[in-house]
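Asks: Okay, here's the structure, questions in a sec.
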Ligand code: ADP
Ligand code: MG
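In the numbering used here, the protein residues as written are 140 to 671.
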């Protein structure tokens with residue numbers, strides 16, 4: 140057989156911008172409808188991260204309008220009253236993929252340094268329009284303007300225009316305008332739903348949505364208090380791996396291993412550091428910069444498995460809290476019953492997380508054949524891929540015995556789940572569903588059970604009341620008849636009907652175990668009804 144000639148392949152590297160330009164579906168930009176939804180979402184999430192995370196009551200206006208005469212082009216503009224952006228970072232923050240101020244151990248909606256750039260890339264691909272940014276950082280006296288595109292091959296910003304002028308009022312914040320090919324017809328309802336669900340968990344925000352069909356939705360602020368913002372945390376030793384350890388050591392000035400552990404990790408004091416290092420077989424006075432690969436591997440493994448560290452701190456997290464969830468569910472659904480459970484902080488792989496569950500029942504909630512599930516992660520509503528999310532796995536009537544909690548479908552039941560963490564295990568960069576990490580699934584299950592138990596108690600009490608009421612009505616129906624007959628039997632004037640009535644009421648109170656005022660009240664309303 141003749142030998143085949145060698146094949147000469149050519150190799151090249153790909154810039155992050157090019158990668159996401161080619162695989163935009165990964166980030167949720169798979170078609171014009173989804174892209175419009177995703178663009179609104181990325182801008183709104185950035186607006187919220189710039190406000191409530193920093194203790195500012197959000198005031199956000201979202202405007203979506205047709206671009207020129209075209210039926211498939213839309214401009215999305217989002218205005219916020221946040222901290223603004225230092226002008227020297229603006230070109231990179233908006234036109235360099237993987238550039239972020241949120242690569243920190245602190246809960247925020249954004250995380251990847253990708254979101255707004257995906258919308259800018261999509262705009263470039265579909266309409267060729269640049270992104271426009273107006274921003275005035277908190278404390279600045281000026282407003283800065285930028286017109287930007289992304290150099291896809293170099294992954295660097297192209298500044299097409301910029302300017303600045305002094306401010307005549309005290310506004311601070313950011314306005315971002317992006318023009319993309321979109322499909323309002325298909326995406327409209329989802330965008331409206333997304334804003335509504337955002338409003339449910341940010342009752343301390345005022346959000347206005349103006350749409351191309353001319354509708355204006357205003358979600359007013361219903362509570363004044365912004366939940367305390369998250370603090371930045373150091374990594375937990377259980378979350379460490381070899382590369383991270385190398386990175387931390389490189390950036391540390393510590394002269395000894397002991398010092399390095401205390402300075403670089405959360406919850407490690409001198410005592411814990413010494414105890415750990417002794418058990419792991421390391422000299423506490425060793426210079427961390429001198430560790431070879433083998434030692435680093437051993438140190439990472441030992442850090443991961445050591446049981447003596449404190450659990451990860453929850454100070455980097457910002458749960459919604461009972462008040463916010465309750466106010467949100469009440470404002471949007473007008474249910475007859477609401478209960479909220481916030482679980483204690485837990486951790487997976489060294490990442491702290493908190494699970495919260497709210498259940499709303501009855502009232503104006505439309506009955507449906509399965510629970511209406513509102514999923515949230517770090518305060519972001521998740522709307523797509525519900526059935527592949529860990530939260531659905533937990534509340535799915537095929538897995539969860541709702542009957543045990545006296546809920547039989549169709550039922551008017553809303554379940555809100557919120558998972559907050561410094562690292563949400565999303566299944567993709569589009570941030571739509573959460574993987575079933577067993578620690579999170581376990582916490583969710585416990586939270587839903589705990590909330591469902593309270594719902595059960597409520598339904599039981601309601602049933603009991605209804606039953607009592609039914610029996611009471613039966614008694615009352617015959618009461619006039621019985622008192623009259625008894626009065627006759629007892630003989631003329633010996634006992635008055637009033638006295639007999641009094642005795643009968645006492646009997647009823649004893650028998651049904653309900654308060655006397657309750658019975659008396661019912662009698663009077665019942666008598667009125669009969670007389671009518
Ligand atoms: P991420 O939100 O994951 O950090 P983005 O690409 O969406 O990534 O945003 C990049 C950065 O731009 C953010 O980290 C933030 O610093 C800045 N930014 C974007 N929008 C705003 C805004 N409305 N207000 C303040 N800063 C913003
Ligand atoms: Mg973002």
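All C-beta atoms in this analysis are idealised placements derived from N, C-alpha and C, irrespective of residue type, glycine included. It should be emphasised that the depicted structure is a prediction, and the values quoted were computed from it without experimental measurement.
Taking the beta carbon of residue 669 as the centre, do at least 16 other beta carbons fall within 10 Å, making it buried, or is it exposed?
Replies: The residue given as residue 669 occupies position 530 in the chain shown. At residue 669, the pLDDT of 49 sits below 50, so the modelled position is not reliable; the number obtained from the coordinates is stated separately. Exposed: under 16 other Cβ atoms inside 10 Å.
Asks: Please work out which residues of its chain come closer than 6 angstroms, Cβ to Cβ, to residue 274, disregarding the five sequence neighbours upstream and downstream, and give them in chain order.
Replies: Counting from 1 along the chain shown, the entry for residue 274 is found at position 135. Once the five neighbours on either side are set aside, the close Cβ partners of residue 274 are 223, 224, 283, 313.
Asks: Pull up the DSSP beta-bridge partners for residue 320, would you.
Replies: Indexing the chain shown from 1 puts residue 320 at position 181. Beta-bridge pairing links residue 320 to 212.
Asks: If you count every other CB in all the chains shown that lies within 10 Å of the CB of residue 531, and 16 or more means buried, which is it?
Replies: Locating residue 531 in the chain shown gives position 392, where the first residue counts as 1. When all chains shown are included, residue 531 counts as buried.
Asks: Under a three-way DSSP split, which group does residue 285 fall into?
Replies: Working through the chain shown from its first residue, we reach residue 285 at position 146. Correct three-state label for residue 285: strand.
Asks: If we count the other Cβ atoms within 10 Å of its Cβ and call it buried at 16 or more, is residue 330 buried or exposed?
Replies: As a first step, residue 330 is located in the chain shown; it is residue number 191 there, counting from the start. Buried is the call here.
Asks: Helix or strand or just coil, what does DSSP make of residue 280?
Replies: One-based indexing of the chain shown puts residue 280 at position 141. Three-state DSSP puts residue 280 in coil, outside helix and strand.
Asks: Give the secondary structure of residue 655 by DSSP, where H, G and I count as helix, E and B as strand, and everything else as coil.
Replies: As a first step, residue 655 must be located in the chain shown, where it is residue number 516. Three-state result, residue 655: helix.
Asks: Quick test of your reading: residue 506 and residue 551, contact by CB under 8 angstroms. State the CB separation rounded to the nearest angstrom.
Replies: For the purposes of this step, residue 506 is taken as the residue at position 367 of the chain shown. For the purposes of this step, residue 551 is taken as the residue at position 412 of the chain shown. 5 angstroms between Cβ atoms; contact.
Asks: Spatial neighbours of residue 133 within its chain, please: C-beta separation below 8 angstroms, excluding the five flanking residues on both sides.
Replies: This structure does not reach residue 133, given that the chain is present from 140 up to 671, and the question cannot be answered.
Asks: May I ask you to check if the CB of residue 181 is nearer than 7 angstroms to at least one heavy atom of the ligand MG?
Replies: If you number the chain shown from 1, residue 181 lands on position 42. Yes - the ligand MG has a heavy atom lying nearer than 7 angstroms to the Cβ of residue 181.
Asks: Any contact between the segment 352 to 367 and the segment 209 to 229? By contact I mean 3 or more CB pairs, one from each, below 8 angstroms.
Replies: No: fewer than three Cβ pairs fall under 8 angstroms.
Asks: Where does the unbroken beta strand (DSSP E) through residue 482 begin, and where does it stop?
Replies: As a working note, residue 482 is residue 343 in the chain shown. It is not in any beta strand (DSSP E) - residue 482 carries neither H nor E in the DSSP assignment.
Asks: Return the chain-ordered list of same chain residues with a C-beta closer than 6 angstroms to the C-beta of residue 468, the five sequence neighbours on each side being excluded.
Replies: As a working mapping, residue 468 is identified with position 329 in the chain shown. Closer than 6 angstroms at Cβ, skipping near neighbours: 477, 497, 499.
Asks: Can you tell me where the beta strand (DSSP E) with residue 556 in it begins and where it stops?
Replies: Here residue 556 is taken as the residue at index 417 of the chain shown, counted from 1. Residues 552 to 560.
Asks: Can you tell me which residues form a DSSP beta bridge with residue 312?
Replies: As a first step, residue 312 is located in the chain shown; it is residue number 173 there, counting from the start. Its beta-bridge partners are 275.
Asks: Just list the residues that DSSP pairs residue 521 with in beta bridges.
Replies: As a first step, residue 521 must be located in the chain shown, where it is residue number 382. For residue 521, which the question treats as bridged, DSSP gives the partners 514.
Asks: Kindly provide the ranges of any beta strand (DSSP E) runs that are 3 or more residues long and lie completely inside the segment 151 to 228, ordered along the chain.
Replies: List check, beta strand (DSSP E) in window: 198 to 205, 212 to 218.
Asks: Who does residue 507 pair with in a DSSP beta bridge?
Replies: As a working mapping, residue 507 is identified with position 368 in the chain shown. BP columns for residue 507 point to 550.
Asks: Give a yes or no on contact between the segment 332 to 340 and the segment 286 to 303, applying the rule of three or more CB pairs nearer than 8 angstroms.
Replies: No, because fewer than three Cβ pairs between the segment 332 to 340 and the segment 286 to 303 fall closer than 8 angstroms, the two stretches do not touch.
Asks: For residue 584, does the three-state DSSP call read helix, strand or coil?
Replies: The sequence position of residue 584 within the chain shown is 445, counting from 1. The answer is helix: DSSP assigns residue 584 an H, G or I state.
Asks: Going by the DSSP bridge assignment, what does residue 456 pair with across the sheet?
Replies: Within the chain shown, residue 456 is the residue found at index 317, counting from 1. DSSP output for residue 456 lists no bridge partner at all.
Asks: Going by DSSP in three states, residue 449 sits in which element: helix, strand or coil?
Replies: In the chain shown, the residue the question calls residue 449 occupies position 310. Here residue 449 sits in coil by DSSP.
Asks: May I have the straight-line CA-CA distance separating residue 148 from residue 432, to the nearest angstrom?
Replies: For this step, residue 148 is matched to residue 9 along the chain shown. For this step, residue 432 is matched to residue 293 along the chain shown. Roughly 34 angstroms separates the two Cα atoms.
Asks: Given this structure, state the Cα-to-Cα distance separating residue 607 from residue 623, to the nearest angstrom.
Replies: By 1-based counting over the chain shown, the position of residue 607 is 468. By 1-based counting over the chain shown, the position of residue 623 is 484. In a straight line, the C-alpha of residue 607 is about 24 angstroms away from that of residue 623.
Asks: Quick one: grab the DSSP three-state call for residue 565.
Replies: Looking up residue 565 in the chain shown gives position 426. Residue state, collapsed to three classes: strand.
Asks: For a test of the three-state rule: what should DSSP assign to residue 415, helix, strand or coil?
Replies: Numbered from its first residue, the chain shown carries residue 415 at position 276. In the structure shown, residue 415 sits in a helix (DSSP, three-state: H, G or I).
Asks: Runs of 3 residues minimum, wholly inside the segment 366 to 431: which ones carry the beta strand (DSSP E) assignment?
Replies: Runs found: none.
Asks: Flag this pair as yes or no: are the beta carbons of residue 674 and residue 200 separated by less than 8 angstroms?
Replies: Given that the chain is displayed from residue 140 to residue 671, the structure contains no residue 674 and the question cannot be resolved.
Asks: For residue 671, which residues from the same chain have a beta carbon less than 7 angstroms from its beta carbon, with the 5 sequence-adjacent residues on both sides left out?
Replies: Here residue 671 corresponds to residue number 532 of the chain shown, with the count starting at 1. Low confidence applies here, because residue 671 scores a pLDDT of 43, under 50, leaving its location unreliable; read the following figure in that light. If we look at residue 671 and ignore the five residues flanking it on each side, it has no Cβ neighbours.
Asks: Three or more beta-carbon pairs under 8 angstroms between the segment 608 to 623 and the segment 643 to 663, yes or no?
Replies: Judged by Cβ distances under 8 angstroms, the segment 608 to 623 makes contact with the segment 643 to 663, as three or more pairs qualify.
Asks: So, helix, strand or coil for residue 230, using DSSP?
Replies: Here residue 230 refers to the residue found at position 91 when the chain shown is read from its first residue. Three-state result, residue 230: helix.
Asks: Below 7 angstroms, is the gap between the Cβ of residue 189 and the nearest heavy atom of the ligand ADP?
Replies: Within the chain shown, numbered from 1, the residue matching residue 189 stands at position 50. Yes, since a heavy atom of the ligand ADP falls inside the 7 angstroms radius drawn around the Cβ of residue 189.
Asks: Closer than 7 angstroms: is that where the CB of residue 130 sits relative to any heavy atom of the ligand ADP?
Replies: Given a span of 140 to 671 for the chain in the structure shown, any question on residue 130 remains unanswerable.
Asks: Please identify the residue among 450, 447, 421, 449 whose C-alpha is closest to the C-alpha of residue 436.
Replies: As a first step, residue 436 is located in the chain shown; it is residue number 297 there, counting from the start. Checked all of 450, 447, 421, 449; the closest Cα to residue 436 is 421.
Asks: Is the beta carbon of residue 459 sitting closer than 8 angstroms to the one on residue 366?
Replies: Position 320 of the chain shown, counting from 1, holds the residue named residue 459. Position 227 of the chain shown, counting from 1, holds the residue named residue 366. It is a contact, given that the beta carbons lie within the stated cut-off.
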